[in-house]
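Only one structure is covered here, and it is reproduced in the block below.
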Amino acid sequence: MTKGLAFTFHGGSAAFLDRLPLVIDDLDEVDLKVLEQICNWSWTNDCVIPVGGLPVSADEVESRLNKLERLRLLDYGQRV
Numbered sequence: 609m610t611k612g613l614a615f616t617f618h619g620g621s622a623a624f625l626d627r628l629p630l631v632i633d634d635l636d637e638v639d640l641k642v643l644e645q646i647c648n649w650s651w652t653n654d655c656v657i658p659v660g661g662l663p664v665s666a667d668e669v670e671s672r673l674n675k676l677e678r679l680r681l682l683d684y685g686q687r688v
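Residue numbers for the sequence shown follow my numbering, beginning at 609 and rising by one.
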């Protein structure tokens, strides 16, 4: 059974914090809510996005995660 999707911050948490101000204008309100939840999961869920953990469709989750990866904020893709 799949628990969720593991992720890491691209280059580590310090690199993530350095990169965020550079791409903040490329993020919309939904991106920011998703990113906020992902940051919470980095502390509370060992960097795993739980299955069904985001209140948007699976296609929307994939789209948002691809965008965050393209902006070099997150690396993801390992099912756990």
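Virtual Cβ for every residue (Gly too), placed ideally from N, Cα, C.
With a 10 Å radius around the Cβ and a threshold of 16 neighbouring Cβ atoms, residue 672 comes out buried. Contact annotation: residue 615 and residue 624 have beta-carbon atoms that are not nearer than 7 Å.
Residue pairing by DSSP places residue 657 opposite 613 in a beta bridge.
DSSP places residue 627 in the uninterrupted alpha helix (DSSP H) bounded by 621-631.
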